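J.: Mind looking over this structure? Questions follow.
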Amino acid sequence: MKDQNQLALLASQLKGELFYTSETKDQTMLLAYSTDASVYQEKPLAVAIPVDIDDIKKLIDFAQQHRITIIPRTAGTSLAGQVVGHGIIMDISRYFNGIIELNVEEQWVRVQPGVIRDDLNNYLKPFGLMFGPETSTASRAMIGGMIGNNSSGLHSIVWGDTRHNLISAQVLLDDCSEATFEKLDEASYFNKLLLPGREGDIYRNINKLLIDPGHLSAIEAGYPKRSITRRNTGYALDILSDRSEPFNMCNLLAGSEGTLAIVTEAKLKLMPLPPQELGLLCVHFADMVECMHGNVIALEHRPEASELVDKYIMDFTVGHPTYQYNRFFIDGDPQALLIVEFRGHTAAETEAKAMALKADLVSRGLGYAYPYITGIEKTNLVWDVRKAGLGLIRNLPGDSQPVNLIEDCAVSPEDLPAYVA
Ligand SMILES: Cc1cc2nc3c(=O)[nH]c(=O)nc-3n(C[C@H](O)[C@H](O)[C@H](O)COP(=O)(O)OP(=O)(O)OC[C@H]3O[C@@H](n4cnc5c(N)ncnc54)[C@H](O)[C@@H]3O)c2cc1C
Numbered sequence: 024m025k026d027q028n029q030l031a032l033l034a035s036q037l038k039g040e041l042f043y044t045s046e047t048k049d050q051t052m053l054l055a056y057s058t059d060a061s062v063y064q065e066k067p068l069a070v071a072i073p074v075d076i077d078d079i080k081k082l083i084d085f086a087q088q089h090r091i092t093i094i095p096r097t098a099g100t101s102l103a104g105q106v107v108g109h110g111i112i113m114d115i116s117r118y119f120n121g122i123i124e125l126n127v128e129e130q131w132v133r134v135q136p137g138v139i140r141d142d143l144n145n146y147l148k149p150f151g152l153m154f155g156p157e158t159s160t161a162s163r164a165m166i167g168g169m170i171g172n173n174s175s176g177l178h179s180i181v182w183g184d185t186r187h188n189l190i191s192a193q194v195l196l197d198d199c200s201e202a203t204f205e206k207l208d209e210a211s212y213f214n215k216l217l218l219p220g221r222e223g224d225i226y227r228n229i230n231k232l233l234i235d236p237g238h239l240s241a242i243e244a245g246y247p248k249r250s251i252t253r254r255n256t257g258y259a260l261d262i263l264s265d266r267s268e269p270f271n272m273c274n275l276l277a278g279s280e281g282t283l284a285i286v287t288e289a290k291l292k293l294m295p296l297p298p299q300e301l302g303l304l305c306v307h308f309a310d311m312v313e314c315m316h317g318n319v320i321a322l323e324h325r326p327e328a329s330e331l332v333d334k335y336i337m338d339f340t341v342g343h344p345t346y347q348y349n350r351f352f353i354d355g356d357p358q359a360l361l362i363v364e365f366r367g368h369t370a371a372e373t374e375a376k377a378m379a380l381k382a383d384l385v386s387r388g389l390g391y392a393y394p395y396i397t398g399i400e401k402t403n404l405v406w407d408v409r410k411a412g413l414g415l416i417r418n419l420p421g422d423s424q425p426v427n428l429i430e431d432c433a434v435s436p437e438d439l440p441a442y443v444a
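First residue of the sequence shown? That's 24 in our numbering, and the numbers climb one at a time after it.
Right, dumping it as structure tokens:
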């Protein structure tokens, strides 16, 4: 679809902007939207900034007619080329950024997809609530992109991923029809199968897939272990096929990277703010595989987070203008650090949990140093080493920058020692 006249006609029908011409302003936009935070680059046919749902529908309709792709984009911080492509990049961050409704009692919020995760939590803080899923990019990442990527971060073992916290979503399907994806009891599920049109087709097709024993066993065999809570390995058919929970198409939507529907609104589950007394047990290991064994023990102590920083990342901080000051807690030259966060209502409660883990590790001969760090300033310095890791690597100049090949592989903690070895 290269006809500039057709794009000009589309532009004239939109309330928002469409960048597609050879003028410098448009070409600058096309270049700016030719990449995300990944190594991939591709110049799109056009960049659209829709103002409302009507604009999005016109864009979907145009893409359907001309058989081109539509790529919804929020902050564009994806690491695997999710918002890179040759079709129309549809930036919904500018006009879809409202917080629509908060229900404090029932602990949920309705938002548009362009709301930034940290802005949402700043809004929720006075109510004693927060949206749990986080990313290292939480100051920019937006809810639409978090749903697309099923984002989660440091505290995912307790605060969950975006899928776990997505109650329902308003979406636009590829025929411009609107649908609500939400939890369905059995009767509502069967009613969906009887719906005419696109939404009904989707339920019928999914149902056909999930009642076929051949497909079910392929899903069972091909997906990561169900015990792994944080897994992002394509369409979550394994979760949809789990009939112990009510069916919710949101489970498929989360992690579908903008390929199934355009989210125009999301209802998110909130949680009370976590206890504020936090402490970090920073376990030092002389060996990476030993660290993986230590992680299995750490998880038995139900921490809020357990994260690895390896020597490779630590070495980037040596002499670094900013991060050299974050090394204050590092003892010697460990091959790996496990940063284990505990929280409690009092400092003593938190420390007791950390010391129980330390005693357990010492008794098993795992680790050689166990500094315990408290106080928000110091713990932030420690966490910053972990959070900065990826950015530090990605700032390496030229060919020395490693290229991400496999994103989000999911390995169960008890399998990690063998996997890493
Ligand atoms: C240094 C660094 C660290 C990172 N750390 C983490 C981390 O800890 N955890 C993590 O999960 N990710 C991490 N990421 C990846 C990324 O920042 C997050 O996944 C983030 O949530 C993506 O949000 P975004 O607004 O940038 O989305 P985008 O990149 O704009 O989009 C992400 C996906 O969502 C789709 N999408 C966007 N809006 C919609 C919509 N309205 N409807 C349907 N689909 C939509 C897009 O098409 C795309 O497939 C990191 C990235 C960087 C650069």
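From the three backbone atoms N, C-alpha and C, an ideal C-beta is built for every residue, glycine too.
Note that the structure is predicted; figures quoted are calculated from it, not measured.
1. Alpha helix (DSSP H) containing T47: first to last residue?
2. The alpha helix (DSSP H) with Y395 in it runs from where to where?
3. In whole angstroms, what separates the C-alpha of A377 from that of F308?
4. When you compare only the Cα positions, how much space is there between D265 and C199?
5. Pop quiz: G302 and F365 are said to be a contact at Cβ under 8 Å. What is the actual Cβ separation, rounded to whole angstroms?
6. Taking the beta strand (DSSP E) that F204 belongs to, which residues open and close that run?
7. Just to check my reading of the structure: K401 and S159 have Cβ atoms closer than 8 Å, yes? What is that Cβ distance to the nearest angstrom?
8. Who does M113 pair with in a DSSP beta bridge?
9. Is I285 near ligand 1 - that is, is its Cβ less than 7 Å away from at least one heavy atom of it?
10. Kindly give me the distance between the Cβ atoms of F154 and Q135, rounded to whole angstroms, as I take these residues to be in contact under 8 Å.
11. Would you say the beta carbon of R266 comes nearer than 7 Å to a heavy atom of ligand 1?
12. Using the beta-carbon count (16 or more within 10 Å), is E280 buried or exposed?
13. State yes or no: is the C-beta of V106 nearer than 7 Å to some heavy atom of ligand 1?
14. Reducing DSSP to helix, strand and coil, say where S329 ends up.
15. Which stretch, first to last residue, makes up the beta strand (DSSP E) that contains K292?
16. Compute the Euclidean distance between the alpha carbons of L33 and K81, then round it to the nearest angstrom.
17. Taking the beta carbon of L360 as the centre, do at least 16 other beta carbons fall within 10 Å, making it buried, or is it exposed?
18. Does the distance between the C-beta of P95 and the nearest non-hydrogen atom of ligand 1 fall short of 7 Å?
19. Within the present structure, is the beta-carbon of N145 separated from the nearest heavy atom of ligand 1 by less than 7 Å?
20. Helix or strand or just coil, what does DSSP make of E243?
21. Span of the alpha helix (DSSP H) holding H89?
22. Express the C-alpha separation of Y348 and P298 in angstroms, rounding to a whole number.
23. Cβ-heavy atom distance between I180 and ligand 1 below 7 Å?
24. Could you say which of A328, C305, A289, V405 lies nearest to L133 if we only look at CA atoms?
25. Give the secondary structure of H238 by DSSP, where H, G and I count as helix, E and B as strand, and everything else as coil.
26. Report the start-end ranges of each beta strand (DSSP E) in the segment 310–367 that is 3 residues or longer and not cut off at the edges.
27. Is the beta carbon of I285 closer than 8 Å to that of V332?
28. Report the partner residues of A192 according to the DSSP bridge assignment.
29. Can I93 and A86 be called in contact, C-beta distance under 8 Å?
30. Which same chain residues end up closer than 6 Å to S174 when comparing Cβ atoms and leaving out the 5 residues on each side of it in sequence?
31. Check the DSSP bridge columns for A444 and list the partner residues they point to.
32. Can we count M52 as close to ligand 1, meaning its CB is less than 7 Å from some heavy atom?
33. So, at 8 Å on beta carbons, what are the nonlocal neighbours of E425 in its own chain, with the 5 sequence-adjacent residues on each side left out?
34. Might you give, ordered along the chain, the residues of its own chain that have their beta carbon closer than 7 Å to the beta carbon of Y146, omitting 5 neighbours on each side?
35. In three-state terms, what does DSSP make of H178?
36. Let me check you understand the geometry: is the CB of G414 closer than 7 Å to at least one non-hydrogen atom of ligand 1?
T.: If we stick to the structure as given:
1. 47–55
2. Here Y395 belongs to no alpha helix (DSSP H); instead the beta strand (DSSP E) covers 395–397.
3. 17 Å
4. 29 Å
5. 5 Å
6. 201–207
7. Contact doesn't hold; Cβ gap of about 19 Å is too wide.
8. A71, P95
9. yes
10. Between Q135 and F154 the Cβ distance is about 14 Å, and since that is not below 8 Å, they are no contact.
11. no
12. buried
13. yes
14. strand
15. 285–292
16. 8 Å
17. buried
18. yes
19. no
20. helix
21. 76–89
22. 27 Å
23. no
24. Note that residue 133 is Arg in the sequence shown, not Leu. The shortest Cα separation from R133 among A328, C305, A289, V405 belongs to A289.
25. helix
26. 328–333, 359–367
27. no
28. F204, A289
29. yes
30. P156, T158, T185
31. Answer by DSSP bridge pairing: none, since A444 is not bridged.
32. no
33. For the record, residue 425 in the displayed sequence is Pro; it is not Glu. Result list for P425: I416, L419, in chain order.
34. I122
35. coil
36. yes
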